[in-house]
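To keep things clear, I will list the structure first and then write my remarks on it.
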Amino acid sequence: MPLAAAGILGVIGYNLLLYGALAYTSPMNAAIVNSLNPAIIVVLSYALLRERLSKTNIAGFLLSLAGVLFILTDGHIAHVFRMNYNRGDLMMLAAGVVWALYSIIGKKLPVPPITATTCSVFFSLLLLWPFAFFYPFPADHISAAGLAGLIYICLFPSILSFLFWNISVQKVGPSHAGVYLNLIAVFTAVITFLLGGALSVLQLAGGAIVLFGVYLATKAPKVKTEQVDIAG
Numbered sequence: 019m020p021l022a023a024a025g026i027l028g029v030i031g032y033n034l035l036l037y038g039a040l041a042y043t044s045p046m047n048a049a050i051v052n053s054l055n056p057a058i059i060v061v062l063s064y065a066l067l068r069e070r071l072s073k074t075n076i077a078g079f080l081l082s083l084a085g086v087l088f089i090l091t092d093g094h095i096a097h098v099f100r101m102n103y104n105r106g107d108l109m110m111l112a113a114g115v116v117w118a119l120y121s122i123i124g125k126k127l128p129v130p131p132i133t134a135t136t137c138s139v140f141f142s143l144l145l146l147w148p149f150a151f152f153y154p155f156p157a158d159h160i161s162a163a164g165l166a167g168l169i170y171i172c173l174f175p176s177i178l179s180f181l182f183w184n185i186s187v188q189k190v191g192p193s194h195a196g197v198y199l200n201l202i203a204v205f206t207a208v209i210t211f212l213l214g215g216a217l218s219v220l221q222l223a224g225g226a227i228v229l230f231g232v233y234l235a236t237k238a239p240k241v242k243t244e245q246v247d248i249a250g
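Per my numbering, the sequence shown starts with residue 19, numbered consecutively.
Here it is as structure tokens:
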């Protein structure tokens, strides 16, 4: 059943792999591997949905990926090849594949996005409910700040983000929706700056590269003959 599969992949599988990976790898490694998600979505969308991209779109995807790495490494992209990767990074890579499959299923669901989100969350809750007895919620040991953080996670990164993602996937397809994931690095840098953190000139340049890459990656081809096979 597609809705149950969406719940297993997107709600359970992706989150378990993502948070599990952070137990074995650094946030920087996780962010770098996570930046491959748009590329994974593009490749699997081409293989399973036969989505085609123009040369401009492909250049935009590559440019936005370069911009993300520019931000994460503060302009020292070569550091990506010098870092030590471990099983946590492999789990992050698996999380990217799981999210891509979830997005592809979401494109094919014959129900409205709000219905798809509700049903996938419902099926995932049914499967996860038995584990609540083994790992009970520590209500007596959580602070007010922790409770506020938990409410935020439930409302924004969980419910609303899944809903908005499903809407965008059904409207523009997984490939075009996926490239906007690269804006996460830009938003993170901006929010860090607004909260008093430092923002270097190189990171600003990386943000500009990401924005331009996203523009190219989502630009509709003007003529039919411009569309090419992604493998070419």
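The beta carbon of each residue, even a glycine, is placed where N, CA and C say it ideally should be.
Model, not experiment: these values are computed from the prediction.
Original post:
Per DSSP, residue 201 is paired with what?
Top reply: Looking at the DSSP assignment, residue 201 forms no beta bridge with any residue, so it has no partner.
**OP:** Can you say whether residue 168 is buried or exposed, counting buried as having 16 or more other CB atoms within 10 angstroms of its CB?
**Re:** exposed
Subject >> Range covered by the alpha helix (DSSP H) that runs through residue 107 >> reply: 105–126
Original post:
Around the Cβ of residue 158, are there at least 16 other Cβ atoms within 10 angstroms (buried) or fewer (exposed)?
Top reply: exposed
Subject >> Three-state class that DSSP yields for residue 82 in the structure shown >> reply: helix
Subject >> Contacting residues, own chain, Cβ-Cβ under 8 Å from residue 136 (five flanking each side not counted) >> reply: none
**OP:** Look at the alpha carbon of residue 105 and the alpha carbon of residue 43, and state the distance between them as a whole number of angstroms.
**Re:** 8 Å
**OP:** Determine the direct distance from the alpha carbon of residue 38 to that of residue 113, and round the result to whole angstroms.
**Re:** 10 Å
Subject >> Closest Cα partner of residue 60 within the set 45, 118 and 109 >> reply: 118
Subject >> Sequence-distant residues of the same chain with beta carbon closer than 6 Å to residue 204, five excluded per side >> reply: 225 and 228
**OP:** Would you mind sorting residue 245 into buried or exposed? The rule is 16 or more other CB atoms within 10 Å of its CB.
**Re:** For residue 245, the pLDDT reaches just 47, beneath the cut-off of 50, and the residue's location in the model is therefore unreliable, leaving the point undetermined.
**OP:** Report yes if the C-beta distance between residue 109 and residue 35 is below 9 Å; otherwise report no.
**Re:** yes
Original post:
Is the beta carbon of residue 121 sitting closer than 9 Å to the one on residue 29?
Top reply: no
**OP:** Measure the Cβ-Cβ separation of residue 55 and residue 193 and say whether it is below 9 Å.
**Re:** no
**OP:** Spatial neighbours of residue 68 within its chain, please: CB distance less than 6 Å, with the 5 preceding and 5 following residues excluded, ordered by chain position.
**Re:** none
Subject >> Proximity below 9 Å, CB of residue 111 to CB of residue 197 >> reply: no
Original post:
Between which two residues does the alpha helix (DSSP H) harbouring residue 142 extend?
Top reply: 131–146
**OP:** Could you give the DSSP three-state label for residue 46: helix, strand or coil?
**Re:** helix
Subject >> CB of residue 232 within 9 Å of CB of residue 184, strictly >> reply: no
**OP:** Using alpha carbons as the reference points, say which of 189, 49 and 83 lies closest to residue 128.
**Re:** 189
Original post:
How long is the line joining the alpha carbons of residue 116 and residue 125, rounded to whole angstroms?
Top reply: 14 Å
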